[in-house]
Every structure is written in structure tokens, then in C-alpha cells.
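The opening position of the sequence shown corresponds to residue 410 in this note's numbering, with each subsequent residue numbered one higher.
By construction, the Cβ of each residue, glycine as well, lies at the ideal position given by its N, Cα and C atoms.
Notes follow the structure.
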Amino acid sequence: MGTSPDVDESLSLEQIEDRHWGNPPADATRLIRTVYELRHKPIGSLDVEDLRVLLLQQESLDVLVPIALTHLEQNPLAEGDFYPGDLLTAVLKIPQAYWQQHPDQRSRASAVTGAVESLGNLDDHDAPHDTIWQQINMFRG
């Protein structure tokens, strides 16, 4: 799926990081409950929507960004539950500090933005052109 070769995709984020959160608080929002649940799921079974949700919450970036980039390299407009390209916008919203610490992954993300550029008007792909390009431009600085 695109993780480092030494990461066992049958393991969950909790197992990989050895950080067990327990159960979500009783008053947790649906989003927070979802994040707790996804941390129990084997990383090899995380789908595009799962990745989008976790990345937007800045969860386990070291593990999940390489997986997301692999999806995006195969399909730059990979789609979760919102719109074509929503995984890309989630990846591009990751703070610059992360990209500075992971220049190899930044290069991969830059290559994906180049692939998006070659698609032309994203509205023709049922993707929100302006939304995606706003994130690409912010990522590129």
C-alpha cells in the first residue's frame, strides 16, 4: 500500500505507535469517535476516506502520509466522501514543518501536484478546481 517496507500493514496505528488511547470520551463528537475507531483498524485496510479523516486531524503523519502519497501517485484525484481530490487537499494541508522534516515526501507530493496540473481544468473531472488549486498554491508557497 505504500508504507515503509518495515511497517506491518496488519497492525493498527495504536500498535505501530504503541500509544493506546482507550475509549473516546462519552461526550466525544462523531469525528473524534471515528478517529478513535480508525486508530484500531489495520493500516492495510484504511481506505481513502479513512486517510483523509486521519490526515485532516494531523494523526500519525509519519505512518499515513506515505500511504496517502502512494494513493495519489496512482490517482491524483483520489476521492473520499466529499469530492474528487479531497485526499490531495488533506495531504496539502499538512503543516510545512512536516514537509521540511520529510523532503523526500515533499518531492512526492510536488510530483502529484504536477500531475494535477497536467489534468487541466479540474471541473472537467468533477473536482473543485479552485479549492484544489488554492491548496496547491499554498503548498507550493
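Report task. Within the same chain, show all residues whose beta-carbon is closer than 7 Å to that of residue 536, passing over the 5 residues directly before and after it, in chain order. Result -> Residue mapping note: residue 536 aligns to position 127 of the sequence shown, counting from 1. If we look at residue 536 and ignore the five residues flanking it on each side, its Cβ neighbours are 486, 492, 493 and 494.
Report task. Identify whether residue 512 lies in helix, strand or coil by the three-state DSSP scheme. Result -> The residue you call residue 512 lines up with position 103 of the sequence shown. The answer is helix: DSSP assigns residue 512 an H, G or I state.
Query - Cβ-Cβ distance between residue 550 and residue 505 below 9 Å - result: Residue 550 sits at position 141 when you count from the first residue of the sequence shown. Residue 505 sits at position 96 when you count from the first residue of the sequence shown. Yes, the pair counts as a contact, with Cβ atoms nearer than the cut-off.
**Report entry** DSSP-derived helix/strand/coil call for residue 519
**Finding:** Within the sequence shown, numbered from 1, the residue matching residue 519 stands at position 110. Here residue 519 sits in helix by DSSP.
Query raised in the report: If you draw a straight line from the alpha carbon of residue 446 to that of residue 544, how long is it in whole angstroms?
Result: The residue given as residue 446 occupies position 37 in the sequence shown. The residue given as residue 544 occupies position 135 in the sequence shown. Rounded to the nearest angstrom, the two C-alpha atoms are 28 Å apart.
Query raised in the report: Anyone know if the C-beta pair for residue 456 and residue 489 falls short of 9 Å?
Result: Position 47 of the sequence shown, counted from the first residue, corresponds to residue 456. Position 80 of the sequence shown, counted from the first residue, corresponds to residue 489. A contact, by the Cβ cut-off of 9 Å.
Query raised in the report: Would you report the Cα separation of residue 430 and residue 503, rounded to the nearest angstrom?
Result: Mapped onto the sequence shown, residue 430 falls at position 21. Mapped onto the sequence shown, residue 503 falls at position 94. The alpha-carbon atoms of residue 430 and residue 503 are separated by roughly 23 Å.
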